[in-house]
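Participant: For reference, the structure I am asking about is given below.
Residue numbers (our numbering): 1409 to 1539.
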């Protein structure tokens, strides 16, 4: 289960009332767009893509997967103008890795353990090498 799925459960634990996602998202997005949004790796990227997709839409109806894909492609294009996104992680220097983590190109994937170093660095699905 990813952080997007955990978010409503965590809110409920704190006593916050959460609207059912299946009732909210169809108000703004097509089913295909929602399916694509659900593949995003965490809450930050989910809400960033939602916000940019809404801003980029013409406002004339539901936001479709084409707009969401264009939004993701825009983020990828901006990052690829600065970083070689096709360079394998094992070839990155410590500095290159750190900068990519800060930019969200590489993410720390926790193994849901209490141990501070129990996780791994993975490419963000939005920026994974295309080769």
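In this text, a Cβ means the ideal position worked out from N, Cα and C, and glycines have one as well.
1) Spatial neighbours of residue 1431 within its chain, please: C-beta separation below 8 angstroms, excluding the five flanking residues on both sides.
2) Rounded to whole angstroms, what's the CA-CA distance from residue 1409 to residue 1503? Just pull it up for me.
3) Are the beta-carbon atoms belonging to residue 1449 and residue 1525 less than 8 angstroms from one another?
4) Please identify the residue among 1519, 1518, 1509 whose C-alpha is closest to the C-alpha of residue 1584.
5) Considering only the alpha carbon of each residue, which of 1447, 1497, 1498, 1518 lies closest to residue 1473?
6) Tell me the start and end of each unbroken alpha helix (DSSP H) in the stretch 1435-1503 that is at least 4 residues and wholly inside, in chain order.
7) Taking the DSSP output, what are the residues bridged to residue 1528?
8) For residue 1529, count neighbouring Cβ atoms within 10 angstroms of its own Cβ and tell me buried if that reaches 16, exposed if not.
9) Using alpha carbons as the reference points, say which of 1480, 1467, 1471 lies closest to residue 1454.
10) Please go through the same chain and pick out, in chain order, the residues whose beta-carbon is closer than 6 angstroms to the beta-carbon of residue 1442, but skip the five residues on each side of it.
11) May I ask you to report which of helix, strand or coil DSSP gives residue 1433?
12) Quick one: Cα of residue 1491 to Cα of residue 1501, how far?
13) Mark residue 1518 as exposed unless 16 or more other C-beta atoms lie within 10 angstroms of its C-beta, in which case mark it buried.
14) How many Å lie between residue 1498 and residue 1488 at the Cα?
Facilitator: If we stick to the structure as given:
1) Taking the chain shown and counting its residues from 1, one reaches residue 1431 at position 23. There are no such residues.
2) Along the chain shown, one-based indexing puts residue 1409 at 1. Along the chain shown, one-based indexing puts residue 1503 at 95. Only weak support exists for where residue 1409 lies, its pLDDT of 47 falling under 50; the coordinates are left without a value.
3) Taking the chain shown and counting its residues from 1, one reaches residue 1449 at position 41. Taking the chain shown and counting its residues from 1, one reaches residue 1525 at position 117. For residue 1449 and residue 1525, no; Cβs fall outside 8 angstroms.
4) Look at the range of the chain in this structure, 1409 to 1539, and you will see that residue 1584 is not part of it.
5) Locating residue 1473 in the chain shown gives position 65, where the first residue counts as 1. Nearest option by C-alpha distance: 1447.
6) 1439-1445, 1451-1464, 1473-1488
7) What you label residue 1528 is simply residue 120 of the chain shown in a count that begins at 1. 1517.
8) Start at 1 with the first residue of the chain shown, and residue 1529 comes out as number 121. Classification for residue 1529: exposed.
9) For the purposes of this step, residue 1454 is identified with residue 46 of the chain shown, where counting begins at 1. Of the listed residues, the one whose Cα sits closest to residue 1454 is 1480.
10) Mapped onto the chain shown, residue 1442 falls at position 34. Answer for residue 1442: 1433, listed in chain order.
11) On the chain shown, position 25 is the one that residue 1433 refers to. Residue 1433: helix per DSSP, three-state reduction.
12) Within the chain shown, the letter at position 83 stands for residue 1491. Within the chain shown, the letter at position 93 stands for residue 1501. If I take the Cα positions, the gap works out to 13 angstroms.
13) Within the chain shown, residue 1518 is the residue found at index 110, counting from 1. Under this definition residue 1518 is an exposed residue.
14) Counting from 1 along the chain shown, the entry for residue 1498 is found at position 90. Counting from 1 along the chain shown, the entry for residue 1488 is found at position 80. C-alpha separation (whole angstroms): 18 angstroms.
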